[in-house]
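Chains as they are written, first to last, in the working numbering: chain G, 1 to 443; chain A, 444 to 743.
This is the structure in structure tokens:
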């Protein structure tokens, strides 16, 4: 017994030593030549082919800058918020990214943790080179990346909220397509005409609209339409008990339980149901084309979000993404090159997309967002994407420092209201109390 | 004297060998269990957002804990889940195992066993997504066929009451195979002679179950209850994907709440405090189980 175990111990020691040596030599080999710079780039992996897409986008960058390599760090998540939470956890865990793909939802949070550096000195230095970009980008998009007058990210792509409609279903029901100046009453009437009980069992088999307990994608666009916002202008206070917001939530609840023109709100596969002709309209930005194009589904178009009343001025809701220079960056100069590269027209133009690889955001440059190339995909009415942000009052999605927590509180009550288990008034007032108490900690 | 000494030496050497054998496990235990536990206890006295250094706040987290209405809700939800999931899993698993343990054709048994076990090895996310489609209130296939036989649409996932039941049912549907397999193994370990002897003594089916099968199966059932309890307390992924905790807080579990507090709202100290409460609850329940088990678990 003793003999066997002695042998075993020797073997055990040998294994440990071998592992140790391999570990050390592995580290030695991993050591890079000093002149080679590696940029750590974190991005949102919203679908599996994203990594390949970034590699294609950045192929020229790597070619043009021989000393710089890129370390692609994909991070998954179902929403921007969830992705950004994970990025924050990575950084807190000691990861040192140089730049990340960040959307409006995360800008103030990153700033509050002092994770971003202002880009103004860099922009000043390369003013000439960036002139074309700065002249072409929509001002509201640039503004959304400014904090206290300093710019923290170069906008890359964006989305606003519009109504998508299934033309085939409109044609079948003999309903004319919606016009740009439609109001919520027109909207409800159209929804009613498109909610149809085909098999006569007393329950509809197709619905006019899909309501989802969402933030950017569902409640905020209606709140903006009604002329108010969930939070105060400076994002320091809750506005959830505003009578207009209660009215909006009542309206959304009514769509389901009074007018009965929308299925019970959950997290269903809306795009698929839309293509299948079971839902005639839904709200989204440009991203549904990522689902529609591969399925060759083109019989649809978009229209502006309905006006609350004929007299309520239109207010555009948008979210924009950008590339900031992070404080954790080990190579600020190389990172700036990266950020500049991402603002080049030939790079942003990739966002117009190509068949087989449609990209679901709107390019930030006017010349691209309004170019005819956008029309190779649905929607045919793509021009309203850009128009909405320059022609009307355009505001970024309300995203204070504790955005995830605000969203979480709001959606908790929204889901109760939309499940018809809480009145709009009660839900909004409770949400207001909680959100305000939370924001008070940041005032 | 000489012999004694060498025996001592041998024993010592064997001792060292033994320790070396358990060393890897011990290191793992220290690093992955004891370490984080101590960290959690320490963290519960701090406010820590992971970016800035922790800030000592004394008992504030504990004060918040007892005032936080969500804590009560998520613990209540979790207890409902635990009760539903454990009873149905253990009870159902035992029933299926008993059914499969009868004299049925081997091929038939093989197919049934595999079918029951299959959901167990499938990813929770995939399962939750598919069930989400099936259980869609207005456009889902389940309600469609229920409608055909005259049952009105059930709000499977979108009403507070029903969503809890749905989560429990899907959770049971997924895991019952494991309980069945373990019960089946337990049943097959019961010596045949006992049944033969009982038969000679004139015991009927029910008597054989009550006096032989059940007592000899109690260690298995006890094991399943403990494992089931610990697992059920940690339910997270199913409601996370299926209902995102909603509507309202209806299906939010303790672990979901801990995750949200820690990794979404970056309040690690408070998340640690809630997790300690969960730990105390699980530990207490397990302890009670072991105490009570002396009364009903029968070891041969």
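Each residue gets a CB set at the ideal place from its N, CA and C atoms; glycine is no exception.
task = Name, in chain order, the residues that DSSP records as bridge partners for residue 166(G).
result = Locating residue 166(G) in the first chain gives position 166, where the first residue counts as 1. 300(G), per the DSSP bridge assignment.
task = From the DSSP output, in three-state form, read off residue 717(A) for me.
result = Taking the first residue of the second chain as 1, we reach residue 717(A) at position 274. Three-state result, residue 717(A): helix.
message = So that I know if they touch, is there some Cβ in chain G lying closer than 7 angstroms to that of residue 489(A)?
response = Numbered from its first residue, the second chain carries residue 489(A) at position 46. Closer than 7 angstroms: no.
task = From the DSSP output, in three-state form, read off residue 367(G) for me.
result = Residue 367(G) sits at position 367 when you count from the first residue of the first chain. Three-state result, residue 367(G): helix.
task = Below 6 angstroms CB to CB, which residues in the same chain sit around residue 414(G) once its five sequence neighbours on both sides are set aside?
result = For the purposes of this step, residue 414(G) is identified with residue 414 of the first chain, where counting begins at 1. Around residue 414(G): 213, 219.
ask   = Would a check of beta-carbon distances place residue 581(A) closer than 7 angstroms to chain G?
value = For this step, residue 581(A) is matched to residue 138 along the second chain. Yes, its Cβ sits closer than 7 angstroms to a Cβ of chain G.
message = Just to confirm before moving on: does the CB-CB distance between residue 40(G) and residue 322(G) stay below 7 angstroms?
response = In the first chain, counting from the first residue as 1, residue 40(G) sits at position 40. In the first chain, counting from the first residue as 1, residue 322(G) sits at position 322. Contact: no.
task = Starting from residue 395(G), follow its DSSP beta bridges and name the residues at the other end.
result = By one-based count along the first chain, residue 395(G) stands at place 395. Residue 395(G) is bridged by DSSP to 317(G).
key: 8 angstroms Cβ cut-off: residues of chain G touching residue 612(A)   = Reading the second chain from its first residue, position 169 is the one you call residue 612(A). Within chain G, no residue comes near residue 612(A); the closest Cβ sits about 17 angstroms away, beyond 8 angstroms.
key: Closest Cα partner of residue 243(G) within the set 439(G), 97(G), 426(G)   = Locating residue 243(G) in the first chain gives position 243, where the first residue counts as 1. Measuring from the Cα of residue 243(G), the nearest candidate turns out to be 426(G).
ask   = Whose CA, out of 54(G), 289(G), 92(G), 117(G), lies closest to the CA of residue 335(G)?
value = Taking the first residue of the first chain as position 1, residue 335(G) is located at position 335. Of the candidates 54(G), 289(G), 92(G), 117(G), the one whose C-alpha sits nearest the C-alpha of residue 335(G) is 117(G).
query = Along the stretch 406 to 427 of chain G, what residues have a CB closer than 8 angstroms to any CB found in chain A?
reply = 408, 411, 412, 413, 415, 416, 418, 419, 421, 422
key: Residues near residue 605(A) in its chain [Cβ-Cβ closer than 7 angstroms; skip 5 each side]   = The residue labelled residue 605(A) in the question sits at position 162 within the second chain. In chain order, 597, 598, 599 place their CB closer than 7 angstroms to the CB of residue 605(A), counting only its own chain and leaving out the 5 sequence neighbours on each side.
ask   = Which value, in whole angstroms, describes the spacing of the CA atoms of residue 633(A) and residue 585(A)?
value = One-based indexing of the second chain puts residue 633(A) at position 190. One-based indexing of the second chain puts residue 585(A) at position 142. Approximately 41 angstroms, taken between the alpha carbons.
key: Interfacial residues, the stretch 240 to 271 of chain G to chain A, with Cβ spacing under 8 angstroms   = 263, 264, 265, 266, 267, 268, 269
message = Excluding the 5 residues flanking residue 725(A) on each side, which residues of the same chain have their C-beta closer than 8 angstroms to its C-beta?
response = Within the second chain, numbered from 1, the residue matching residue 725(A) stands at position 282. Here the set comprises 672, 673, 676.
ask   = What three-state label does DSSP hand residue 732(A) in the structure shown?
value = Residue 732(A) sits at position 289 when you count from the first residue of the second chain. Residue 732(A): helix per DSSP, three-state reduction.
key: residue 63(G) versus residue 568(A): straight-line alpha-carbon distance, rounded   = For the purposes of this step, residue 63(G) is identified with residue 63 of the first chain, where counting begins at 1. For the purposes of this step, residue 568(A) is identified with residue 125 of the second chain, where counting begins at 1. Going by the C-alpha atoms only, they are around 40 angstroms apart.
task = For residue 213(G), go through chain A and note every residue whose CB falls closer than 9 angstroms to its CB, in chain order.
result = Translated into the one-based positions of the first chain, residue 213(G) becomes position 213. 687, 689, 690, listed in chain order.
Within chain G, the residues that residue 600(A) reaches when beta carbons sit closer than 8 angstroms = Here the question's residue 600(A) lines up with position 157 in the second chain. Within chain G, the residues near residue 600(A) are 266.
query = Counting only beta-carbon atoms, is residue 494(A) nearer than 7 angstroms to chain G?
reply = Counting from 1 along the second chain, the entry for residue 494(A) is found at position 51. Interface residue, yes.
key: Identity of the residues DSSP links to residue 74(G) by a beta bridge   = The residue you call residue 74(G) lines up with position 74 of the first chain. BP columns for residue 74(G) point to 43(G).
ask   = In this structure, does DSSP put residue 226(G) in helix, strand or coil?
value = On the first chain, residue 226(G) is found 226 positions in, with the first residue counted as 1. Residue 226(G): coil per DSSP, three-state reduction.
task = State yes or no: is the C-beta of residue 301(G) nearer than 6 angstroms to some heavy atom of the ligand NAD?
result = Although the ligand NAD was asked about, the structure shown includes no ligands whatsoever.
query = Mind pulling the chain A residues with CB within less than 7 angstroms of residue 337(G)?
reply = Counting from 1 along the first chain, the entry for residue 337(G) is found at position 337. For a Cβ distance threshold of 7 angstroms, nothing in chain A lies close to residue 337(G): the least Cβ distance comes to about 27 angstroms.
key: CB contact check: residue 603(A) to chain G, cutoff 7 angstroms   = As a working note, residue 603(A) is residue 160 in the second chain. By the rule that beta-carbons nearer than 7 angstroms mark a contact, residue 603(A) touches chain G.
inquiry  = Just verifying my parser: in three-state terms, what is the DSSP assignment at residue 461(A)?
reply    = Position 18 of the second chain, counted from the start, is the residue given in the question as residue 461(A). Looking at residue 461(A) - three-state DSSP - the assignment turns out to be helix.
ask   = By Cβ distance below 7 angstroms, which residues in the same chain neighbour residue 665(A) in space, the five residues on each side in sequence not counted?
value = Counted from its first residue, the second chain places residue 665(A) at position 222. Answer for residue 665(A): 736, 740, listed in chain order.
ask   = Taking 7 angstroms as the CB-CB limit, is residue 706(A) close to chain G?
value = On the second chain, residue 706(A) is found 263 positions in, with the first residue counted as 1. Judged by the 7 angstroms Cβ criterion, residue 706(A) is in contact with chain G.
key: Short-range partners of chain A found in the stretch 188 to 203 of chain G, where Cβ spacing is below 7 angstroms   = 201, 203
query = Do you know whose CA, among 381(G), 202(G), 340(G), 42(G), lies nearest residue 594(A)'s CA?
reply = As a working note, residue 594(A) is residue 151 in the second chain. Comparing alpha carbon positions, the residue from 381(G), 202(G), 340(G), 42(G) closest to residue 594(A) is 202(G).
message = Give me the chain G residues within the contact set of residue 576(A), using Cβ-Cβ distance strictly less than 7 angstroms, ordered along the chain.
response = Position 133 of the second chain, counted from the first residue, corresponds to residue 576(A). Within chain G, the residues near residue 576(A) are 269.
request  = Name, in chain order, the residues that DSSP records as bridge partners for residue 158(G).
outcome  = Residue numbering aside, residue 158(G) sits at position 158 when the first chain is read from its first letter. Per DSSP, 320(G), 362(G).
query = I think residue 72(G) touches residue 111(G), with their Cβ atoms under 8 angstroms apart; what is that distance to the nearest whole Å?
reply = Within the first chain, the letter at position 72 stands for residue 72(G). Within the first chain, the letter at position 111 stands for residue 111(G). Wrong, their Cβ atoms sit about 25 angstroms apart, outside the cutoff.
key: Exposure of residue 424(G), with buried meaning 16 or more beta-carbon neighbours within 10 Å   = One-based indexing of the first chain puts residue 424(G) at position 424. Buried, by the Cβ-count rule.
CB contact check: residue 84(G) to chain A, cutoff 7 angstroms = Here residue 84(G) refers to the residue found at position 84 of the first chain. Taking Cβ atoms only, chain A never reaches closer than 7 angstroms to residue 84(G), which makes this a no.
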